[in-house]
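Sequence lines, in order, name chains W and E. Note that my numbering has the first sequence beginning at 884, numbered continuously upward. Note that my numbering has the second sequence beginning at 884, numbered continuously upward. Every residue gets a Cβ at the ideal spot worked out from N, C-alpha and C, and that includes glycine. Here is the structure we will look at, set down as structure tokens.
2 protein chains.
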Amino acid sequence: IQNNQFDDALVAIKGLRPVDLADVLEQLEPSLGWRLLERLPDRAEVFTYFEPEQQVRLAREFPRATLAALVSEMPADERTDLFKRFDQNQRDALLPALAQAEREDIRKLSAYVEGTAGALMTSDYAVLRKDMTVAEALASLRTEAPDAETIYQAYVIDKKRKLLGVVSLRDLILADLGKSIKELMTSDVVSGLVTDDQEDIAKKIARYDLLALPIADERGVLTGIVTYDDAMDVVSEEVTEDIHKSAGVSTIAGNLKDATIGLLYRKRIFWLILLVFGNLFSGAGIAHFEDIIAANIVLVFFLPLLVDSGGNAGSQSATLMVRALATGEVVMRDWLYLIGREALVALALGCTMALAVSLLGYIRGDSTIALVLALSMVSIVMIGCMIGMSLPFVLSKFNFDPASASAPLITSVCDATGVVIYLFIASQLLDDLAVVPI
Amino acid sequence: IQNNQFDDALVAIKGLRPVDLADVLEQLEPSLGWRLLERLPDRAEVFTYFEPEQQVRLAREFPRATLAALVSEMPADERTDLFKRFDQNQRDALLPALAQAEREDIRKLSAYVEGTAGALMTSDYAVLRKDMTVAEALASLRTEAPDAETIYQAYVIDKKRKLLGVVSLRDLILADLGKSIKELMTSDVVSGLVTDDQEDIAKKIARYDLLALPIADERGVLTGIVTYDDAMDVVSEEVTEDIHKSAGVSTIAGNLKDATIGLLYRKRIFWLILLVFGNLFSGAGIAHFEDIIAANIVLVFFLPLLVDSGGNAGSQSATLMVRALATGEVVMRDWLYLIGREALVALALGCTMALAVSLLGYIRGDSTIALVLALSMVSIVMIGCMIGMSLPFVLSKFNFDPASASAPLITSVCDATGVVIYLFIASQLLDDLAVVPI
């Protein structure tokens, strides 16, 4: 790329919004991407939109002084996340080039455990004193605005930085300029603790429709805020985690497209192998009823259909429950009501499916086979639904993640019980000496 | 409940936040809940947090004039949603009691199709003119603030209400009071159309980290805004829909706890019955290889294990793809790269699982059985993964929802192919005259 082409490219991309710009620059080779980025006025914001791996890769290309300048312009939370992804060499090279306050900030923020409010929050927030007037507060926000992540919520603190209240910019704009912040502020503040789980923080922000949630340490000292857009990202990550778990895949951090073969293998093999051995119970059931199968090979024809139906119905129940527990639509004390209702739903589903399968059984076999299939289907679907509905509650009760009640797990459990129910009913109703051909 | 107890209750709940208050009042009987609600200063906000069914139920208890007063205090979008849930009698009773402007507003907003930006937006937003100064704009926002859902973003319109630009309150606070809005505004506004899908609107808000997205009609006239908190609710609904689909459950609108048995039955039976008939293909496969099964009953022992493994691995692939397509991590053009990588992952998974199952086969049968099982497992897992990965792309290509590639569907497809692969390999390698006992 020539110099004049370079300038043309710069003009062409300057009109784009930061997130769109990041998408364009990510497609280019690192050295060119970096040269363009360096010349953009909002380069720090564009940089925060790059994928984490891309950020680290690009950072290696940067001259140390430029990297330090870029890092200083980043919001405190993004800066800390980047720093945590650097290796020791990169950290040692970067730290001395930063200002004392930024070094201190990185040190503090990076000390919090991943997945907690502390690791999610930013230290760029706006504070006010309770003895300020509205006019003074507005002047103070004007000074703080270039650094604070939001000035729409300002936090009122005392000399020890303890959180006393919150004032919105909306209230400030509407109030008389001479009014004191003490009169204007809401002192009953919704807040979180640095040690809170990031999922709980996100739920609080969604429940109270907040723009930002203030985070205090165990002494009540204000240490940061979590903004609604970071909370939305957390919700999206947690949903992905739950969805992956529903298919027996362990948490895959980062973008699926960038995942290596080794990572995908490791995240998937555990449940697959576990389920192979879990399926031995189905096998044991089959072995136990060997004679009845050998005498009635037609039973094998319907085996996958019956056991799958139990697994399918059970997976539906489990999926409905896992999601309802995750959104808070249902809670533990609803269990008894829900299991009663589920029994009736399952009975209706089972009867309809029994009708379908006994019709098939009558066509392929005889009326005795049809009866065996109908009875088996109702029992299997009902037991499948009960297992599917109860397992998330049981897991939740013993402090496991209800999302671990995955479709493959439910399917395996339902398979084993299904095989036993089906072959037991068959052995009771069929004459095991009369060989019925398929 | 006595009058003095009533007053005590009122004092006790007055300190609660609106959403918490709604939770408390929902537990009480309608007439008491309504008497308490009526006395609360922020009753309209509390009312918006009730479940939709509860809102309609409570509204029946209200005297007409009080209901009209409450409805007038509600935000325009919530008011319209409530109105749409009323039956004709309730509508006819309410409309004459409302002001002309509100009636007109309800009429306009309720005309938009459910699921579009038009049905999601509110008409309570703040507007400015481009020839205003910053001081005039601030004064104007002070007047509009009590009605507008947000004043943190104000929209600049011309005389025909065409959208010219956007100004944030942050920019207004920081700017000189004499500066003109024309100079200050961003004229390249991210906006949506009234006919846009609500999911696309929510994605735009998340991508550009917006507080609100302005919505224009086909002539470019500003007609409403969608706020970030409503977008978060849409994301949550769409995720629930996708999760339900992953288990073959059609969309259940509203709270799971309030769903009736009939509704749950209808939402679940379609896929269950379809899969019963789908499973006939597995049965047909079994019937085709009847002789080899009859001669080697040991094959039945491993049948559920093998076919389930294909379904499990395939469901993992499908789930990973469906979620990655939903979040936009992968797009259609990534398909070739992803299928190549998936083949390698599947090979590694298949080999590991083959090792486990052939060990079991050797213990229960002999080395030939072990070989049959190992070859079958690798083939079944690889084909399962290819089906699981491709189906969401294929559905997406033909404009179906990729989330319809549900675990039960993948399981059924993989079962049928698994049965055929397993029994075909067995028929090639086993001497079908030598009966091997289980």
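Within the segment 1015 to 1062 of chain E, the complete beta strand (DSSP E) segments at least 3 residues long are 1036 to 1040 and 1046 to 1051, listed from N- to C-terminus. W:Lys897 and W:Gln983 have their C-alpha atoms roughly 33 Å apart. When the beta-carbon positions are compared, E:Ile1084 and E:Gly1197 stay at least 8 Å from each other. Around the CB of W:Leu893, fewer than 16 other CB atoms lie within 10 Å, so the residue is classed as exposed. At a cut-off of 8 Å, the C-beta of W:Gly1166 has a neighbouring C-beta in chain E. The alpha-carbon separation between W:Ala1130 and E:Leu1203 amounts to approximately 9 Å. In the displayed model, W:Ile1252 falls within a helix according to three-state DSSP. Think of a sphere of 7 Å around the beta carbon of E:Gln937: no beta carbon from chain W falls inside it, the nearest being about 14 Å out. Secondary structure of E:Leu965 (DSSP, three-state): helix. Counting the other CB atoms within 10 Å of its CB gives W:Asp1041 a total below 16, which places it among the exposed residues. Residues of the segment 1097 to 1118 of chain E with a C-beta less than 7 Å from any C-beta of chain W: Tyr1111, Asp1112 and Met1115, listed in chain order. Closer than 8 Å at the C-beta level to chain E, one finds these residues of the segment 1176 to 1198 of chain W: Ile1176, Ala1177, Ile1180, Val1183, Phe1184, Phe1185, Leu1186, Pro1187, Leu1188, Val1190, Asp1191, Ser1192, Gly1194, Asn1195, Ala1196 and Ser1198. DSSP places W:Thr1110 in no alpha helix (DSSP H) but in the uninterrupted beta strand (DSSP E) bounded by Leu1105 to Thr1110. Contact of E:Asn887 with chain W by beta-carbon distance below 9 Å is absent, the smallest such distance being about 26 Å.
Contact annotation: the segment 1214 to 1227 of chain E does not touch the segment 1281 to 1295 of chain E, with fewer than three C-beta pairs closer than 8 Å. Here the segment 1139 to 1147 of chain W makes no contact with the segment 1151 to 1168 of chain E; the two share fewer than three CB pairs at distances below 8 Å.
The residue among E:Pro935, E:Leu953 and E:Glu944 with its C-alpha nearest the C-alpha of E:Pro924 is E:Leu953. Unbroken beta strand (DSSP E) runs of no fewer than 3 residues, entirely contained in the segment 894 to 971 of chain W, are not found. The residues Ala1253, Leu1254, Leu1256, Ala1257 and Met1260, in chain order, have a CB closer than 8 Å to that of W:Ser1241 in the same chain once the five nearest residues on each side in sequence are set aside. With distances taken between CA atoms, W:Leu1232 lies nearest to E:Gly1145 out of E:Gly1145, E:Ile1056 and E:Arg1025. Separation of W:Ala1095 and W:Lys1043 (C-alpha to C-alpha, rounded to the nearest whole angstrom) is 22 Å. A distance below 7 Å between beta-carbons, with the five flanking residues on each side excluded, links E:Thr963 to the following residues of its chain, in chain order: Ile989, Leu992 and Ser993. Per DSSP, the beta bridge partners of W:Pro1097 are W:Ile1108. Close CB contacts of W:Lys1013 within its chain, under the 8 Å cut and outside five residues either way in sequence, are with Val1039, Asp1041, Leu1047, Gly1048, Ser1063, Ile1064, Lys1065 and Met1068 (chain order). Under the 8 Å criterion on CB atoms, E:Lys1045 is classed as non-interfacial with respect to chain W.
Between the segment 1286 to 1305 of chain E and the segment 1162 to 1169 of chain E, the count of Cβ pairs shorter than 8 Å is three or higher; the stretches touch.
By the neighbour-count criterion, in which 16 or more other beta carbons inside 10 Å mark a residue as buried, W:Asn1179 falls on the buried side. A buried status is given to E:Leu1274, since no fewer than 16 other beta-carbon atoms sit within 10 Å of its beta-carbon. DSSP, read as helix, strand or coil, puts W:Asp1007 in coil. DSSP, read as helix, strand or coil, puts E:Asp1083 in helix. Within its own chain, the residues whose Cβ lies closer than 6 Å to the Cβ of W:Tyr1305, once the five positions on either side in sequence are excluded, are Leu1189 and Ser1259, listed in chain order. At the C-beta level, E:Leu981 and E:Ser955 come within 8 Å of one another. For E:Leu981, the secondary structure class from DSSP, reduced to helix, strand or coil, is coil.
When the beta-carbon positions are compared, W:Leu1003 and W:Asp1113 come within less than 8 Å of each other. Around the beta-carbon of W:Asp1125, 16 or more other beta-carbon atoms lie within 10 Å, marking it buried.
Secondary structure of W:Leu1219 (DSSP, three-state): helix.
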